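Quick notes on the structure that follows.
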Amino acid sequence: MADTRKSSDGPSVAADSAWDYRTLPDYDHVFHEADDILAFASALSAPEPSPSEEDLLNPNTRPDFEFITALNDWKPIHQKVRGQQTTGSVKANTKAKRKKKQKRGRDETREGWTYNIVKYPFLLVVMGWLVFLGAAYLLTRLYITFYEQKITWRGKRRRLRKQLREQTSYQDWIQCARELDRYLGNDAWKEDTEYAYYDSRTIRRVKEQMTNLRQQSMAEEAGSSKDTGVQRPIDELRGLAEACVKNNFAGSENTRLYSETYYGTKNLVQDYVEEVTTSLKFLLSSRQISQDEKRSLAKHLSTNFGRTALCLSGGASFAYYHFGLAKALLDADLLPSIITGTSGGALVAALLCTRTDAELKQLLVPALAHRINACSEPLTTWVPRWWRTGARFDSVDWAQQCSWFCHGSLTFLEAYKRTGRILNVSCVPSDPHSPTILANYLTAPDCVIWSAVLASAAVPGILNPVVLMRKNRDGRLGPYSFGNKFKDGSLRTDIPLKSLNLHFNVNFSIVSQVNPHINLFFFSSRGTVGRPSAHRSGRGWRGGFLGSAVEQYLKLDLNKWLKVLRHLELLPRPLGQDWSEVWLQRFSGTITIWPRTRASDFWYILADPSPQRLAHMIHHGQLAAWPKLKFISNRMAIEKVIEDARESTRPPTQALPTPMPRDEAPHNVLSEEDLPTLLARAENTSAVESPMESYTPRSTGSQTNLLSPYDRAGSPSLRHRVGSWFRLPSPRSSQETVRPSLSKLRRVRPQEQRRESVVEELRRQTGVFWDDPDEKTASETEGDGETTDEEAVRDGDDAAPWGLRIGGMNRSRSEGGGGRN
Numbered sequence: 001m002a003d004t005r006k007s008s009d010g011p012s013v014a015a016d017s018a019w020d021y022r023t024l025p026d027y028d029h030v031f032h033e034a035d036d037i038l039a040f041a042s043a044l045s046a047p048e049p050s051p052s053e054e055d056l057l058n059p060n061t062r063p064d065f066e067f068i069t070a071l072n073d074w075k076p077i078h079q080k081v082r083g084q085q086t087t088g089s090v091k092a093n094t095k096a097k098r099k100k101k102q103k104r105g106r107d108e109t110r111e112g113w114t115y116n117i118v119k120y121p122f123l124l125v126v127m128g129w130l131v132f133l134g135a136a137y138l139l140t141r142l143y144i145t146f147y148e149q150k151i152t153w154r155g156k157r158r159r160l161r162k163q164l165r166e167q168t169s170y171q172d173w174i175q176c177a178r179e180l181d182r183y184l185g186n187d188a189w190k191e192d193t194e195y196a197y198y199d200s201r202t203i204r205r206v207k208e209q210m211t212n213l214r215q216q217s218m219a220e221e222a223g224s225s226k227d228t229g230v231q232r233p234i235d236e237l238r239g240l241a242e243a244c245v246k247n248n249f250a251g252s253e254n255t256r257l258y259s260e261t262y263y264g265t266k267n268l269v270q271d272y273v274e275e276v277t278t279s280l281k282f283l284l285s286s287r288q289i290s291q292d293e294k295r296s297l298a299k300h301l302s303t304n305f306g307r308t309a310l311c312l313s314g315g316a317s318f319a320y321y322h323f324g325l326a327k328a329l330l331d332a333d334l335l336p337s338i339i340t341g342t343s344g345g346a347l348v349a350a351l352l353c354t355r356t357d358a359e360l361k362q363l364l365v366p367a368l369a370h371r372i373n374a375c376s377e378p379l380t381t382w383v384p385r386w387w388r389t390g391a392r393f394d395s396v397d398w399a400q401q402c403s404w405f406c407h408g409s410l411t412f413l414e415a416y417k418r419t420g421r422i423l424n425v426s427c428v429p430s431d432p433h434s435p436t437i438l439a440n441y442l443t444a445p446d447c448v449i450w451s452a453v454l455a456s457a458a459v460p461g462i463l464n465p466v467v468l469m470r471k472n473r474d475g476r477l478g479p480y481s482f483g484n485k486f487k488d489g490s491l492r493t494d495i496p497l498k499s500l501n502l503h504f505n506v507n508f509s510i511v512s513q514v515n516p517h518i519n520l521f522f523f524s525s526r527g528t529v530g531r532p533s534a535h536r537s538g539r540g541w542r543g544g545f546l547g548s549a550v551e552q553y554l555k556l557d558l559n560k561w562l563k564v565l566r567h568l569e570l571l572p573r574p575l576g577q578d579w580s581e582v583w584l585q586r587f588s589g590t591i592t593i594w595p596r597t598r599a600s601d602f603w604y605i606l607a608d609p610s611p612q613r614l615a616h617m618i619h620h621g622q623l624a625a626w627p628k629l630k631f632i633s634n635r636m637a638i639e640k641v642i643e644d645a646r647e648s649t650r651p652p653t654q655a656l657p658t659p660m661p662r663d664e665a666p667h668n669v670l671s672e673e674d675l676p677t678l679l680a681r682a683e684n685t686s687a688v689e690s691p692m693e694s695y696t697p698r699s700t701g702s703q704t705n706l707l708s709p710y711d712r713a714g715s716p717s718l719r720h721r722v723g724s725w726f727r728l729p730s731p732r733s734s735q736e737t738v739r740p741s742l743s744k745l746r747r748v749r750p751q752e753q754r755r756e757s758v759v760e761e762l763r764r765q766t767g768v769f770w771d772d773p774d775e776k777t778a779s780e781t782e783g784d785g786e787t788t789d790e791e792a793v794r795d796g797d798d799a800a801p802w803g804l805r806i807g808g809m810n811r812s813r814s815e816g817g818g819g820r821n
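Those letters in the sequence shown? Residues 1 to 821, per UniProt numbering, in order.
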């Protein structure tokens, strides 16, 4: 599926047009409006909505209540107030200083003196052990690097790898990768079908059977073969496709299959993917299958196979490496339609989901650095702000800068309608108890994108928590989610895979991980997709088995002790934030890509990139993504066929989400306007009685149930008849139920509200023992087989008029005896 000829590429990093900022689409356009920024500033300055607006507006109602707020998370409550102080205030401040420091609440710590005694010594011992493990891990990684560089990568092998890393186009990279595979003997591995990490026999058998059935079906559709009366080959091919088109069927999507070579996989797996793609295209375009069957087949395949999502992690200025990954996917026509971003990755994701493909090809160039100027303030500006507010950057200024990347004040739903891509942004509430939200066009359709991007980037100490904004019907902006504030999403959910699977059936994720504190701990002991292990021609362990074993043990031990500190609540909470999730959450996906960073990137972690630095980031982002494109193309080839079939088979009257057409809508739901018409029709019908004339309300205890539904017509068993003595009968459908108006209920005479005597009720209920419900009377057999309206009601005929059915049921009830209820 990938465009290996690169005919759809945008300007390369080395092209002259990629450095001219005047060629950027909408470079000088100002997307934000003054009213939108003013509404955002007003929402930020508004007090918190808790505890309630009534308490704030009417403080006299609760004199014992004191509302305390703070300007930032740096000093949550106690802040120094300048001004003249009286003698009483000075004494109060002196007494407050003498008080002990406030401890954690009882709701957080329920232990007594043992906790207070053991807490700090245990914390000190564990922190010291973590420092030792970290130093040991660093030494282990240095040993493995030395082992690979000085022992493994030597001679021609080293020259071929260096040549591979110097390529600037994907086509040239493929040629170098194939040359390196031939030198390492990986071509023989591709020819051999046997492998321990997938079921080669099942893959071969399914591929051969699918090829035969497809050829027979094509011959039958062309008319060269005759129908023998048995099951058609097209039906067998359809059943085979539903059985094998699943996520990682027989291990065909195991990452180990793509981790033994620099380009490609087993020839059997590649042939299987191509055959599945060809068979699905034939199935979903064949004339032997109806449109409804194609639609059902495409829906089932989509559910079983799942969808692919691109996940962009946070990482401050490290997030600009995402531009290179996005450019590599876009040029190969492999950019997924579901994209999620957190913190710095949210800004890149917003740019990808608010611009079309043609615009993105011109934007993902080094000249884009001229538009990235959010950190351009001098030291004399941000230091006083940080001291005053606790944040280095100003939220309102960032809103103006961010609106250009988000194409103005677009909402998530508007962005989806503009580009067809689904944007997801992770935001964490400022309070520690509320769950994280994943904003998209389903969960927050009216939320403004730039406000969610700011909230996802609000790291404590860098940017204060902000208020999400929503767009009203008149186009004006207002606070979203009751005006609550949100902050950096990477603090809890850097990669929201569970939410993506819940909302969009995502089971294949492409993760671009650039978090500096996580990137250092990524280590693939057996190699990764498109990057085999250097030991034993890609068949061994990096640094030998002992080196990989020590690395794995140290990393798992570090993770274990961090979990111990979190569960025992021993970690301090600077800025009121639990920072353990920064290390303990999931940071990887099905395919995890981490570009090679430089030591200088840590120095510029909170600085705007120059065109030269951005060109370096884009280039290395592409180099990190190119080894994964073959795996992604095989996955997206099948997924794209399924999604195109769903689009082509969807009726034009149905939008997303699909509503029921008007002609197929259920007609048993009656509105209030229909009830008077149906009552009037029933009253004017001469063949039956009016529903209200024979309606007798039932009494339950000392109260009368005036709105009780009618009994079932033709109860089939004795259990239902006897059970009706103790419970109210439930209607079969809303067509058999009518809610009388208040004026009709007032017409009911008091004597009609009396309940029947016990003897009459027993006589009527026990009639089932001698009355044959299937026996027809002489009057029922008259009419030469024609069915009357009342018979249609008794027999449950849906063709009977609604008013006649009600009248028939009421008449059977009023007659009593052994008639049907």
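Every residue gets a Cβ at the ideal spot worked out from N, C-alpha and C, and that includes glycine.
Being a predicted model, the structure only gives us computed values, none of them experimental.
Excluding the 5 residues preceding and the 5 following residue i in the sequence, name in chain order all residues of the same chain whose CB lies nearer than 6 Å to its CB.
i    : result
A15  : none
T354 : C406, H407, L410, A415
L312 : H322, G341, G345, V348, A349, S512
Y258 : T265, V529, F631
T202 : A250
I510 : L310, I591
Could you spell out the range, first to last residue, of the alpha helix (DSSP H) harbouring residue i?
i    : result
N559 : 544-567
S296 : 291-305
P233 : 233-244
V383 : 379-389
F486 : No alpha helix (DSSP H) holds F486; the beta strand (DSSP E) holding it covers 485-488.
L497 : 497-504
R470 : Looking at the DSSP string, R470 is not in any alpha helix (DSSP H); the run it does join, the beta strand (DSSP E), is 469-471.
P516 : 516-519
I37  : 34-45
K281 : 267-283
C402 : 395-405
I449 : 449-456
Leaving aside the five residues before and after residue i along the sequence, list all residues of the same chain whose C-beta is less than 8 Å from its C-beta, in chain order.
i    : result
W579 : L491, L571, R573
S286 : S217, E221, I234
P366 : V13, A18, W19, P611, Q612, L614, A615, I618
W561 : V126, W129, L130, L133
N247 : E253, N304, F305, G306, N507, F508
Q362 : G10, P11, T23, L24, P25
If we count the other Cβ atoms within 10 Å of its Cβ and call it buried at 16 or more, is residue i buried or exposed?
i           : result
P652        : exposed
V688        : Here the model assigns V688 a pLDDT of 42, short of 50, so the residue's position is not dependable and the matter cannot be decided.
K498        : exposed
I174        : buried
Y120        : exposed
residue 865 : With the chain covering 1 to 821 only, the question about residue 865 has no answer from this structure.
D36         : buried
Q171        : exposed
S434        : exposed
R238        : buried
S702        : A caution first: S702 carries a pLDDT of 39, below 50, which makes its placement in the model too unreliable to give a value.
K99         : Any reading at K99 must be qualified, since the residue scores a pLDDT of 47, below 50, and its modelled position is unreliable; no value is offered.
T443        : exposed
How far does the beta strand (DSSP E) with residue i in it reach, from first residue to last?
i    : result
T342 : T342 -> no beta strand (DSSP E), and no H or E assigned at all.
P479 : 477-479
Considering only DSSP beta bridges, list what residue i is partnered with.
i    : result
A439 : V425
S509 : A309
Between which residues of its own chain and residue i is the CB-CB distance below 7 Å, once the five residues before and five after are set aside?
i           : result
V428        : T436, F486, K487, D488, G489, L491, R492
residue 822 : Only positions 1 to 821 of the chain appear in the structure, and residue 822 is not among them; the question remains open.
L133        : L554, D557, L558
Cβ of residue i versus every heavy atom of the ligand NAD: is any distance shorter than 6 Å?
i    : result
T590 : Among the ligands in the structure shown, none appear at all, so the ligand NAD cannot be discussed.
Runs of alpha helix (DSSP H) lying entirely within the region 308-367, each at least 4 residues, in chain order: 322-331, 344-354, 357-363
Report the start-end ranges of each alpha helix (DSSP H) in the region 142-219 that is 4 residues or longer and not cut off at the edges. 155-165, 170-184, 186-191
Only counting runs of 4 or more residues, tell me where the alpha helix (DSSP H) segments fall wholly within the region 582-643, in order along the chain. 600-603, 611-625
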